[in-house]
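J.:
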Amino acid sequence: MTMPPASSESEPSSAQLRRDALYLTLAQIPAGCVTSYGELAQLAGLGRAARWVGRTLSQLPQGSSLPWHRVIGAGGRLSLPAGTASGDEQRARLRAEGITIRNNRVDMQRHRWRPM
Numbered sequence: 166m167t168m169p170p171a172s173s174e175s176e177p178s179s180a181q182l183r184r185d186a187l188y189l190t191l192a193q194i195p196a197g198c199v200t201s202y203g204e205l206a207q208l209a210g211l212g213r214a215a216r217w218v219g220r221t222l223s224q225l226p227q228g229s230s231l232p233w234h235r236v237i238g239a240g241g242r243l244s245l246p247a248g249t250a251s252g253d254e255q256r257a258r259l260r261a262e263g264i265t266i267r268n269n270r271v272d273m274q275r276h277r278w279r280p281m
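With the working numbering as the guide, the letters of the sequence shown map in order to residues 166 to 281.
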């Protein structure tokens, strides 16, 4: 897993600690499973920070090995538009992991990540 670089300060900032919590939780989502932005925020201990999660994931460096494509909108909705580079890449990666996409949605009952 390639994590984005940490800041060079001796004490990590509050923002860096939040990003680290997000990245560590994101890295645990196994292939074939998805979670929503809001669920990921909750699991990472970030409260109701779904929009912050989405914004932070959109800023991951090119080539990051973190499974950003496994994070989708509430109710299983794919939030990245089809026909865009990132939207098409997300759909291709999810399908390669055996996740079925119908009407721009993933069946959350079947594919939701349920950490222990």
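Cβ coordinates follow ideal geometry from the N, Cα and C atoms, glycine included.
Look at isoleucine 264 and leucine 243 and say whether their C-beta atoms are less than 8 Å apart.
T.: The count along the sequence shown starts at 1 and reaches residue 264 at position 99. The count along the sequence shown starts at 1 and reaches residue 243 at position 78. No.
J.: Leaving aside the five residues before and after proline 232 along the sequence, list all residues of the same chain whose C-beta is less than 6 Å from its C-beta, in chain order.
T.: By 1-based counting over the sequence shown, the position of residue 232 is 67. Excluding sequence neighbours, proline 232 sits near Ile194.
J.: Please state whether DSSP places arginine 220 in a helix, a strand or coil.
T.: Position 55 of the sequence shown, counted from the start, is the residue given in the question as residue 220. Helix.
J.: Can you give the Cα-Cα distance for leucine 182 and alanine 214, rounded to whole angstroms?
T.: One-based indexing of the sequence shown puts residue 182 at position 17. One-based indexing of the sequence shown puts residue 214 at position 49. Each residue's alpha carbon lies about 14 Å from the other.
J.: Can you tell me whether leucine 191 is buried or exposed, with buried defined as 16 or more other CB within 10 angstroms of its CB?
T.: By 1-based counting over the sequence shown, the position of residue 191 is 26. It is buried - the Cβ of leucine 191 has at least 16 other Cβ atoms within 10 Å.
J.: List in chain order: all unbroken alpha helix (DSSP H) runs of 4+ residues lying wholly within the stretch 175-263.
T.: Correct list: 179-191, 202-208, 215-223, 250-261.
J.: Between which two residues does the alpha helix (DSSP H) carrying arginine 275 extend?
T.: By one-based count along the sequence shown, residue 275 stands at place 110. Unbroken alpha helix (DSSP H) run through arginine 275: 273-276.
J.: What are the partner residues of arginine 267, as DSSP defines its beta bridges?
T.: Working through the sequence shown from its first residue, we reach residue 267 at position 102. DSSP, once it has assigned bridges, lists Arg270 as partnering arginine 267.
J.: Looking only at its own chain, which residues have a Cβ that is under 7 Å from the Cβ of glycine 210, when we skip the five neighbours before and after it?
T.: The residue labelled residue 210 in the question sits at position 45 within the sequence shown. Closer than 7 Å at Cβ, skipping near neighbours: Ala186.
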